[in-house]
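Okay, so here's the structure we're looking at.
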Amino acid sequence: TEELLRKSEMHSAVGQLAAGIAHEIRNPLTSLKGFLQLIQAEGEKNEAYIKIMLSEFTRIETIINELLLLSKPHVLNFKSEDALVILHDVLTLFESQALLNQVTMHRSLTTVLPEIYCVDNQIKQVLINLLKNAIEAMPSGGNIYVSATQHSDSAVLISIEDEGVGIPEEKIQRLGEPFFTTKETGTGLGMMVSNKIIENHNGSITVTSKVDVGTKVEILLPVANR
Ligand code: ADP
Ligand code: MG
């Protein structure tokens, strides 16, 4: 019965996800179709319509890309990787975006860290999702503290801390629920994808937050066997 229960839970979770995806994709598609019909009927004002259509296409693209990260879990290429290199690459990627948002990134990276066993692109994706959330949580700028340390013989700890709006307690539980977002143009998929990836890595992800003070996300990842 326990097995059966788990299976039916899974089915309903997957069904819920599918319904959510269908809904999320239908909205931008309806809008795109409408603007195409307007363009067909008029011929003027096209520029404004095309602008909206492009942003709707981008939204569909974002949703599909985030969801694709969850598929194909079997062909993933797990390797021993240097967490410092992964972090360095991602932080470099964010330098200009941080600057544009008046955000300063502080790194406190232990110089010698054991390698972690991971799919580097997936861990990068998680860090990208988390840094994006951190920046978005600070609309008028602030600091982000990123650290990587050895947590134990078997785990590396990566921590990302912001000084943003924070997350009220009742919403912390909803993090990672598909399509849970408080942002106007959010997809509510970033945390779900991140949780799934860390789970696939046999790691853990913990979020602690205080409203108007900030949010800290801690990720534990297993050290590679030597
Ligand atoms: P999205 O960013 O598209 O909204 P996510 O899954 O990345 O989707 O995040 C879900 C929600 O969790 C966000 O809308 C926001 O309310 C909250 N959240 C996540 N990270 C943070 C953070 N660092 N600070 C404040 N709120 C956050
Ligand atoms: Mg996000």
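In UniProt numbering, each residue carries its 1-based index in the sequence shown increased by 957. All C-beta atoms in this analysis are idealised placements derived from N, C-alpha and C, irrespective of residue type, glycine included.
Between the beta-carbon of GLY1123 and the beta-carbon of GLY1160, is there less than 8 Å? The answer is no: Cβ separation not under 8 Å.
**Asked** What are the start and end residues of each continuous alpha helix (DSSP H) run of 4 or more residues lying completely inside the segment 1076-1140, in chain order?
**Response** 1077-1093 and 1126-1129
Problem set entry | Reference LYS1167; option with closest CA among ASP1039, ILE1154, LYS1128 and ASN1003 | LYS1128
(Q) If the criterion is Cβ atoms closer than 8 Å, does the pair LEU1048 and ALA1105 meet it? (A) Taking 8 Å as the Cβ cut-off, LEU1048 and ALA1105 do not qualify as a contacting pair.
**Request:** Indicate, with yes or no, if the ligand MG has a heavy atom lying under 7 Å from the CB of ASN1090.
**Result:** yes
Notebook entry, point to check: Can LEU1084 and LEU1066 be called in contact, C-beta distance under 8 Å?
Noted result: no
query = Looking at C-beta atoms only, is the number of pairs between the segment 1072-1081 and the segment 1089-1105 that lie closer than 8 Å three or more?
reply = no
For this session: Per DSSP, which residues does VAL1180 bridge with? Please list them.
Result: ILE1073
- Item | Bridge-paired residues (DSSP) for ARG1064 | DSSP, once it has assigned bridges, lists VAL1103 as partnering ARG1064.
Any contact of the segment 977-990 with the segment 1001-1015, i.e. 3+ C-beta pairs under 8 Å? Cβ pair count under 8 Å is three or more, so yes.
Check each candidate in GLU1023, ILE1117 and GLN1059 and name the one with the smallest Cα separation from THR1144.
GLU1023
Do you know whose CA, among PRO985, ALA1055, PRO1071 and HIS980, lies nearest VAL1113's CA? For VAL1113, the nearest C-alpha among the options comes from PRO1071.
In whole angstroms, give me the CA-to-CA distance for PHE1035 and ASP1077.
8 Å
Is any heavy atom of the ligand MG found at a distance shorter than 7 Å from the C-beta of GLY1143?
yes
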